[in-house]
Amino acid sequence: MQEIIEAHGFTKEEYQKILEYLGREPNLLELGIFSTSWSEHCSYKSSKPVLRTLHTKGERILQGPGENAGVLYLDDELGVAFKVESHNHPSAVEPFHGAATGIGGIIRDVISMGARPIALLDSLRFGPLTSPRSRQLFEGVVSGISFYGNCIGVPTVGGEVYFDEPYEDNCLVNVMAVGLVKLDKIKMSRAGEPGNLLVLIGNKTGRDGIHGATFASEDLVGEVEKKVPNVQVGDPFMEKLLIEATMEIIEIPEVDGIQDLGAGGLSTTPPEMASKSGVGVEIDVNQVPTRSRDMTPYEVLLSESQERMVISVKPEGVEKVRKVAEKWDIDFAVIGRVIEERVFRIVKDGETIAEIPIDALTEGVPVKNLPVKRPEYLEKIREIQIVRSSDNLDEKLLKLISHPSIASKEWVYTQYDHMVGTNTVLLPGHGDAAVLRIKGKPFGIAVTIDGNGKLVYLDPFEGGKNTVLEAMRNLVAVGARPIGITDGLNFANPNDPEVFWTFKEAVRGMNEVAKFFNVPFVSGNVSFYNQSETRKIYPTPIVGMVGFLEDIEKRMDMQVKAPGDLIFVVGKETGKIGGSIFLDVFYGDSTGKIDTTDLDFEEELQERVLLGIENGIFTAVHDVSDGGLLVAIAEMLMYGELGTELTFRFDEVSAFGEWQSRFVVTVSPVNLDKFKKIMGTMSFELIGRVTDAGDLRFNEYSIPLDEIKSRYFGAIPDLMK
Numbered sequence: 000m001q002e003i004i005e006a007h008g009f010t011k012e013e014y015q016k017i018l019e020y021l022g023r024e025p026n027l028l029e030l031g032i033f034s035t036s037w038s039e040h041c042s043y044k045s046s047k048p049v050l051r052t053l054h055t056k057g058e059r060i061l062q063g064p065g066e067n068a069g070v071l072y073l074d075d076e077l078g079v080a081f082k083v084e085s086h087n088h089p090s091a092v093e094p095f096h097g098a099a100t101g102i103g104g105i106i107r108d109v110i111s112m113g114a115r116p117i118a119l120l121d122s123l124r125f126g127p128l129t130s131p132r133s134r135q136l137f138e139g140v141v142s143g144i145s146f147y148g149n150c151i152g153v154p155t156v157g158g159e160v161y162f163d164e165p166y167e168d169n170c171l172v173n174v175m176a177v178g179l180v181k182l183d184k185i186k187m188s189r190a191g192e193p194g195n196l197l198v199l200i201g202n203k204t205g206r207d208g209i210h211g212a213t214f215a216s217e218d219l220v221g222e223v224e225k226k227v228p229n230v231q232v233g234d235p236f237m238e239k240l241l242i243e244a245t246m247e248i249i250e251i252p253e254v255d256g257i258q259d260l261g262a263g264g265l266s267t268t269p270p271e272m273a274s275k276s277g278v279g280v281e282i283d284v285n286q287v288p289t290r291s292r293d294m295t296p297y298e299v300l301l302s303e304s305q306e307r308m309v310i311s312v313k314p315e316g317v318e319k320v321r322k323v324a325e326k327w328d329i330d331f332a333v334i335g336r337v338i339e340e341r342v343f344r345i346v347k348d349g350e351t352i353a354e355i356p357i358d359a360l361t362e363g364v365p366v367k368n369l370p371v372k373r374p375e376y377l378e379k380i381r382e383i384q385i386v387r388s389s390d391n392l393d394e395k396l397l398k399l400i401s402h403p404s405i406a407s408k409e410w411v412y413t414q415y416d417h418m419v420g421t422n423t424v425l426l427p428g429h430g431d432a433a434v435l436r437i438k439g440k441p442f443g444i445a446v447t448i449d450g451n452g453k454l455v456y457l458d459p460f461e462g463g464k465n466t467v468l469e470a471m472r473n474l475v476a477v478g479a480r481p482i483g484i485t486d487g488l489n490f491a492n493p494n495d496p497e498v499f500w501t502f503k504e505a506v507r508g509m510n511e512v513a514k515f516f517n518v519p520f521v522s523g524n525v526s527f528y529n530q531s532e533t534r535k536i537y538p539t540p541i542v543g544m545v546g547f548l549e550d551i552e553k554r555m556d557m558q559v560k561a562p563g564d565l566i567f568v569v570g571k572e573t574g575k576i577g578g579s580i581f582l583d584v585f586y587g588d589s590t591g592k593i594d595t596t597d598l599d600f601e602e603e604l605q606e607r608v609l610l611g612i613e614n615g616i617f618t619a620v621h622d623v624s625d626g627g628l629l630v631a632i633a634e635m636l637m638y639g640e641l642g643t644e645l646t647f648r649f650d651e652v653s654a655f656g657e658w659q660s661r662f663v664v665t666v667s668p669v670n671l672d673k674f675k676k677i678m679g680t681m682s683f684e685l686i687g688r689v690t691d692a693g694d695l696r697f698n699e700y701s702i703p704l705d706e707i708k709s710r711y712f713g714a715i716p717d718l719m720k
């Protein structure tokens, strides 16, 4: 028995708690149910005390954390539902199916709220592309995302990809889904009243993904092949049918609650629904449609087969749900009922084979108060001093824009259908965020996803702040005001005191920005145990953010528009350069003190940029981030034939330093006075003008635009050959 207990991941203290809840020894099925419900992946037993500190209040919030996705108010008719989810461990083991099922799961989180999905964004991390394993994972993950997303007809409109050594063993695959929901059709994951019936629609239940939740709650060690059975297999064609069926089912008034079968499958979803309604549930395993006749109750309950939804419906509405399922040719089965007794009861052949108090699986999960310790390596990080050379800046620029983390991700997004639905009005690569129209509305929304693990590694608090601020700048650069955050928190083993200290500090930094700007967290995900026997990932919080664009016709891109336009850099004039890619590439140093951010200054900067866009002063806007100022200017030339003549005298720090709180803007000379008036006391500097010469000129250098484009667009395809 002790071996079975340990195999299910329980400590002695946790097993003793199970005995207290049951008043007896659990059977194998009950142990399996506890193991998924109490897993880190499902219960957040380590992170919950930290997450409770997050800023989750705001005037636009219709649904905050605790549901399948957050929902924000757009107008008196519509809300926007969104969430980010990770599928890191499955993608490291089986990249195609791991990434594909990550797409399927996050889509179901959004449709569970009654929202129709309209966009996907992905945030990916891999080891260097010089590594065969990293190339294999990269290709497999991108293929899985494109296959699933394209098949279900939801556009992938944006994202980011970084390549660095700490992600060699554990790639990160974070996906954000965005959907629109009518305010009177928002659904919750609740069981409703006793007497309601539980209906399962979608795919049949198979043996794929059993113990997927516990697999995601442990370090990725041992033979990869042995972990493949923990990875689910997706069917996007079924998902498409499930989306359409769910959109009809939410119109049925007798439907009380909907939830997708995600981590833990039937072992976690029904008790979670029951907990939110203060009731119990009974599941009859004989009624669950399966792919194999000989599946045991343990396998049926713990399977994480994809494309399945549980619906709680009043008895008089069951036939209406059945007809919708038949219309869309998906499986339908009444698998259980809502009961007054607050227990999770499993029956087979009329006999009770497992019974657990609901609270024991939900509110009663033992919370882990983990120890913390400031990492020793932080004491060794010093300010980096370099010569500030002005030599060979042309060669250095070309090398930087060829770096896979900076170079064009066209190799990725051209595999995605980003135009399906015809709502994408700012294409990938053309702006700092994606902009989506909402048909029949004057307003639009902007969406982005961002993060920088190296900065968080070097300074968890300031790096956490920057994670939120960079996403905000992305939205501001296209003219949108940030309104809500979803986070994906990717860290190594939380039982390591240094890892958990870093986690707490990063969240504290993120939260400080959210509170200051009153942009609330509405949903999110935590992924721990991202490490192997030899490597830990960088602490990598990811922020997905939605912005509101009051007049979609005033959206802004980053492409320079006309010869003679003036080029300004707006914001901080100097800053720290630690963590810059150019330091890593040219000095072999990935460390250094990172830049700190003054939130009062940042608030004024963002407001001035928004006012400039809203008043039609700017012709292009781009925030300065990876690669620094000169790289940002080069990126503004990539989709046209115009060039620039820069009058600012660059050295390598001013050219490639990545300090915070800066935008590059272009202004027509006729609007110069208006520009100065809107900038007010905000610092800005004229650094050059747009030309029709087709090259980038600065200092004594002149780099042909064709050469810049060749390096920028060709870097990743060349490595992937």
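Numbering that gives the first Met the number 0 numbers the first residue of the sequence shown as 0 and each following residue consecutively. Yeah, the Cβ is synthetic: ideal placement off N, Cα and C, and Gly gets one too. Because the structure is a prediction, the values reported are computed rather than measured.
Rounded straight-line distance, which links the Cα of residue j to that of residue i
i, j, result
"Gly143", "Ala98", "5 angstroms"
"Ile17", "Ser36", "12 angstroms"
"Val663", "Gln258", "44 angstroms"
"Glu325", "Trp658", "57 angstroms"
"Lys186", "Ala80", "11 angstroms"
"Pro127", "Leu718", "10 angstroms"
"Ile484", "Gly57", "11 angstroms"
"Gly264", "Gln530", "25 angstroms"
"Ser401", "Asp168", "24 angstroms"
"Leu425", "His7", "48 angstroms"
"Thr204", "Val434", "38 angstroms"
"Ile743", "Ile612", "No answer is possible for residue 743: it lies beyond the span of the chain, which begins at 0 and ends at 720."
"Tyr700", "Ile686", "15 angstroms"
"Ser752", "Lys514", "The shown model of the chain, from 0 to 720, leaves out residue 752, and the question about it has no answer."
"Val518", "Val512", "8 angstroms"
"Pro540", "Ser526", "10 angstroms"
"Asp556", "Phe647", "23 angstroms"
"Val156", "Pro427", "6 angstroms"
"Asn26", "Asp207", "23 angstroms"
Buried versus exposed, by CB contacts within 10 Å (16 or more), residue i
i, result
"Asn368", "exposed"
"Phe95", "buried"
"Lys464", "buried"
"Val366", "exposed"
"Val386", "exposed"
"Gly626", "buried"
"Val172", "buried"
"Tyr586", "exposed"
"Asn391", "exposed"
Residues near residue i in its chain [Cβ-Cβ closer than 8 angstroms; skip 5 each side]
i, result
"Leu721", "This structure leaves residue 721 out entirely; the chain is present only between 0 and 720."
"Glu375", "Glu497"
"Lys47", "Val366"
Integer Cβ distance of residue i from residue j, believed to fall under 8 angstroms
i, j, result
"Asp163", "Lys395", "Not quite, the Cβ-Cβ distance comes to about 20 angstroms (not below 8 angstroms), so this is no contact."
"Ala262", "Ile200", "With a Cβ gap of about 19 angstroms, Ala262 and Ile200 do not count as contacting."
"Thr643", "Arg696", "7 angstroms"
"Pro270", "Leu360", "5 angstroms"
"Asn451", "Thr466", "7 angstroms"
Same chain, Cβ closer than 7 angstroms to residue i, neighbours up to 5 away in sequence not counted
i, result
"Lys398", "Val584"
"Ile102", "Leu119, Ile144, Tyr147, Gly148, Val174"
"Lys72", "In the sequence under discussion, the amino acid at residue 72 is Tyr, which differs from the Lys named in the question. Once the five neighbours on either side are set aside, the close Cβ partners of Tyr72 are Arg59, Leu61, Gly78."
"Ala633", "Leu396, Ile400, Leu695, Ile707"
"Arg436", "Asn422, Val424, Gly443, Ile551"
Neighbourhood of residue i by C-beta, 6 angstroms cutoff - its chain only, sequence neighbours within 5 removed
i, result
"Ala215", "With a pLDDT of 43 at Ala215, under the threshold of 50, the predicted position of this residue should be treated as unreliable, and no value is reported."
"Ile251", "Gly316, Lys319"
"Val223", "Because Val223 sits at a pLDDT of 47, beneath the cut-off of 50, its placement in the model cannot be relied upon, and the point is left open."
"Glu765", "A query on residue 765 cannot be resolved here, the shown segment of the chain reaching from 0 to 720 and no further."
"Trp410", "Ile715, Pro716"
"Lys184", "Gly113, Ile249"
"Pro288", "Lys203, Asp330, Ala332"
"Phe674", "Ile616, Val666"
Taking only runs of the alpha helix (DSSP H) that begin and end inside the segment 548-606, which ones reach a length of at least 4 residues, in chain order? You should have 580-586.
Note down, one range per segment and in chain order, each beta strand (DSSP E) of at least 3 residues found wholly within the segment 408-467.
-> Counting whole runs of 3 or more residues, the segment 408-467 contains the beta strand (DSSP E) stretches 423-425, 433-436, 443-449.
I'd like the ranges of any beta strand (DSSP E) spanning at least 3 consecutive residues and lying wholly in the segment 110-142. Taking only runs of at least 3 residues, the beta strand (DSSP E) segments lying wholly in the segment 110-142 are 115-125.
Fill in: Start-end ranges of the alpha helix (DSSP H) lying completely within the segment 477-517, minimum 4 residues
496-516, all fully within the segment 477-517.
Enumerate, from N- to C-terminal direction, the unbroken alpha helix (DSSP H) stretches of 4 or more residues contained entirely within the segment 342-398. As far as the segment 342-398 is concerned, its whole alpha helix (DSSP H) runs of at least 4 residues are 357-360.
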